[in-house]
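Numbering (my numbering), first residue to last: 417 to 610. Beta carbons: idealized from backbone N, C-alpha and C, even for Gly. Since the structure is predicted, the reported quantities are computational estimates derived from the model, not experimental observations. Take a look at the structure set out below.
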């Protein structure tokens with residue numbers, strides 16, 4: 417669309433700081449802009465923190481903060497948030513449902529994988545995979561595809577090549593997300609080595 421992007425962002429920032437009626441909305445739009453479009457994850461963390469501090473019971477804003485930490489490479493911070501999300505899910509806190517649990521298990525598994533804790537990561541990915549079967553549409557989801565790929569990669573790291581190959585083949589039967597098909601084809605030829 418036509419317009420001055422820089423000026424639009426400046427106006428949203430002004431409203432987020434001094435606005436009376438649309439402050440929350442402007443914070444949310446800034447979070448979306450920086451996370452999705454600008455890919456400035458440091459600023460996304462800043463706005464996600466503001467929203468979470470303003471609405472600490474809001475699971476959506478809390479998970480967004482965790483995602484922004486993960487995208488920034490701050491996996492330890494993301495891990496803390498998503499483990500707390502899992503704890504709230506176990507306590508049956510409002511709005512902490514199976515969709516939320518799947519997301520949390522995915523990010524905890526990613527954090528563990530980045531920390532070279534393959535066995536623990538595999539367990540969380542397997543639990544997330546089971547949740548995909550419950551909550552996904554018939555045509556699957558990005559989570560399902562990426563989780564299946566990651567499970568294959570972990571099986572390779574753990575020396576279980578037959579299970580790894582099975583998972584890579586499954587990925588190729590799913591809708592492609594984030595170049596999962598390219599990676600699966602690569603790992604079918606040569607095992608994932610970390």
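Membership of residue 602 in the alpha helix (DSSP H) is indicated by the continuous run 596 to 605. With a 10 Å radius around the Cβ and a threshold of 16 neighbouring Cβ atoms, residue 453 comes out exposed. In the structure shown, residue 574 falls within a coil segment according to DSSP collapsed to helix, strand and coil. Across the structure, residue 534 and residue 495 are spaced so that their CA atoms are roughly 15 Å apart. For residue 460, the enclosing alpha helix (DSSP H) has its first and last residue at 457 to 470. Annotation for residue 541: the continuous alpha helix (DSSP H) segment containing it runs 534 to 551.
Burial of residue 547 is indicated by the presence of at least 16 other C-beta atoms within 10 angstroms of its C-beta.
Distance from the CA of residue 473 to the CA of residue 457, rounded to the nearest whole angstrom, comes to 23 Å. DSSP places residue 421 within a helical segment (H, G or I) once states are collapsed to three. In the three-state scheme derived from DSSP, where H, G and I count as helix and E and B as strand, residue 448 is classed as helix.
In terms of Cβ geometry, residue 544 and residue 505 do not form a close pair [threshold 9 Å].
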